[in-house]
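Participant:
In UniProt numbering, the protein residues as written are 1 to 200.
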């Protein structure tokens, strides 16, 4: 009997240690917000000083953002499409670019189920470059009217993280010499994504 109690006690301690280690490996909301703010400072420095900046030769102050909010970091289910339909996107300078519909992602945000289509640029060597442009109820108001972008890596994943705190403006927001694809109509969300980058 005493032996059984001892085994139960040891197991309880072991489970507690495992739970503690698992939780200690998770990023706290404070750590997450600090990491977003650090990344934003680094991007400001890039925009200010890099020869690859769209502001090169121009005056630059700093990019503007919504406050980092962990609720805008969501898990999304990935559904790859068998038929890779070709679509033509308009661009900020009136031209067009061709992409393939690669997959769509489904996720819950603000208590609603939403879906966005992922694209890959048509042409040799572009098969692994995933492109996600979206617009929402803030577009043309507090955020760039031509929509914003999110970098995503899919490969063969069934689930990915969509972090709208990392949503950013295409370079044509800052410099008209760039040609930026506009979002698909199906990627225009009817809710306000008050996360990520605002109008410059």
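Note that the Cβ used here is the ideal one computed from N, Cα and C, for glycine as well.
Mind checking which residues open and close the beta strand (DSSP E) that includes residue 77?
Facilitator: Run containing residue 77: 73-80, per the beta strand (DSSP E) assignment.
Participant: Assign residue 198 to one of three DSSP states: helix, strand, or coil.
Facilitator: Three-state result, residue 198: coil.
Participant: Return the chain-ordered list of same chain residues with a C-beta closer than 7 Å to the C-beta of residue 139, the five sequence neighbours on each side being excluded.
Facilitator: 145 and 147, listed in sequence order.
Participant: Identify, in the order they occur along the chain, each residue of the same chain with its Cβ nearer than 8 Å to the Cβ of residue 158, setting aside the five sequence neighbours on each side.
Facilitator: Cβ neighbours of residue 158 beyond the five flanking positions: 77 and 78.
Participant: Can you list, in chain order, the residues of its chain with a C-beta nearer than 8 Å to that of residue 85? Leave out the 5 residues immediately preceding and following it.
Facilitator: Correct list, in chain order: 100 and 101.
Participant: Here's the rule I'm using: 16 or more other beta-carbon atoms within 10 Å means buried, otherwise exposed. How should residue 177 be labelled?
Facilitator: It is exposed - the Cβ of residue 177 has fewer than 16 other Cβ atoms within 10 Å.
Participant: May I have the straight-line CA-CA distance separating residue 11 from residue 26, to the nearest angstrom?
Facilitator: Unreliable placement is indicated for residue 11, whose pLDDT of 36 sits below 50; the coordinate value is still reported in the next sentence. C-alpha separation (whole angstroms): 23 Å.
Participant: Which residue from 109, 110 and 104 puts its Cα closest to that of residue 116?
Facilitator: Among 109, 110 and 104, the Cα nearest to that of residue 116 belongs to 104.
Participant: Please state whether DSSP places residue 66 in a helix, a strand or coil.
Facilitator: In the structure shown, residue 66 sits in coil (DSSP, three-state: anything other than H, G, I, E or B).
Participant: How should residue 71 be labelled, buried or exposed, when 16 other C-beta atoms within 10 angstroms of its C-beta is the threshold for buried?
Facilitator: Burial call: exposed.
Participant: Using a Cβ-Cβ cutoff of less than 7 Å, which residues in the same chain neighbour residue 110 once the five nearest sequence positions on both sides are dropped?
Facilitator: The residues are 191.
Participant: Judging by CA-CA distance, which residue of 68, 51 and 121 is the nearest neighbour of residue 35?
Facilitator: Among 68, 51 and 121, the Cα nearest to that of residue 35 is on 68.
Participant: Counting along the chain, where does the alpha helix (DSSP H) carrying residue 56 start and finish?
Facilitator: Per DSSP, residue 56 belongs to no alpha helix (DSSP H) and is neither H nor E.
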